[in-house]
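Taking it in order: structure first as structure tokens, then the write-up.
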Amino acid sequence: DVRRWFVEQDLIEGVIYLSENLFYNTTAPGIILFLNKSKAKERKEKLFLLNAAIEFAKGDPKNYLPEEAITRIADTFKTWREVEKYSRIVPLEEIAKNDFNISPSRYIHTGAGEEYRPIVEIVEELDLLERDEAETNKAFRKIIRTLMAASG
């Protein structure tokens, strides 16, 4: 497969993932692929991935990249700087383990991390809700009995 060959030959320097709806004739997200036959020593056997999917402004009919977004993307890429939820340097062995997938969205997680509550806290809250439900049902039955007695 072509992607595997490019990765194994260490020809890909980086990939920038762009937002959707930037280009005419497609709404699909774009990518910019940087190839380099003469990578610097410190960049060998690594790929620089940048997820710029959030870097756009709504346009009509197409979205566009504002000047400040272009500057941020270019500066981050030129300096090969890792930025949380934005860019990452990935070793080729990790790319190989992921079936040579070079999509930045595969390696850079932009969503908010899930927060987990302790089980004890959840059980305590469930107990409280069950007690509230029992009290509400008891009050509801009392109201129904009162209404039934009043009507006849």
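So the sequence shown is numbered by our numbering: it starts at -5 and just counts up by one.
Note that beta-carbon positions come from the ideal geometry of N, C-alpha and C, so glycine has one too.
> Bridge partners of residue 25, per DSSP?
Replying inline: 11
> Does the distance from the C-beta atom of residue 16 to that of residue 24 stay below 8 angstroms?
Replying inline: yes
>> Could you check whether the stretch 80 to 97 touches the stretch 40 to 53, counting it as contact only if at least three pairs of C-beta atoms, one from each stretch, sit closer than 8 angstroms?
In response: yes
> When burial is assigned at 16 or more other CB atoms within 10 Å of the CB, is residue 117 buried or exposed?
Replying inline: exposed
> Hey, how far is the Cα of residue 28 from the Cα of residue 11?
Replying inline: 12 angstroms
>> According to DSSP, simplified to helix, strand and coil, what is residue 75?
In response: coil
> Expressed to the nearest angstrom, what Euclidean distance is found between the alpha-carbon atoms of residue 78 and residue 131?
Replying inline: 50 angstroms
>> Please tell me whether residue 49 and residue 63 are closer than 8 angstroms, where the distance is taken between their beta carbons.
In response: yes
> In whole angstroms, what separates the C-alpha of residue 21 from that of residue 103?
Replying inline: 22 angstroms
> In three-state terms, what does DSSP make of residue 101?
Replying inline: helix
> Residue range of the beta strand (DSSP E) that residue 45 falls in?
Replying inline: 40 to 46
> With respect to the beta strand (DSSP E) encompassing residue 145, which residues constitute its N-terminal and C-terminal limits?
Replying inline: From DSSP, residue 145 is part of no beta strand (DSSP E) but of the alpha helix (DSSP H) over 113 to 145.
>> I need the straight-line Cα distance from residue 1 to residue 115, nearest angstrom please.
In response: 47 angstroms
> For residue 63, which of helix, strand or coil comes out of DSSP?
Replying inline: helix
> Could you check where the beta strand (DSSP E) with residue 89 kicks off and where it finishes?
Replying inline: Per DSSP, residue 89 belongs to no beta strand (DSSP E); it is in the alpha helix (DSSP H), 86 to 91.
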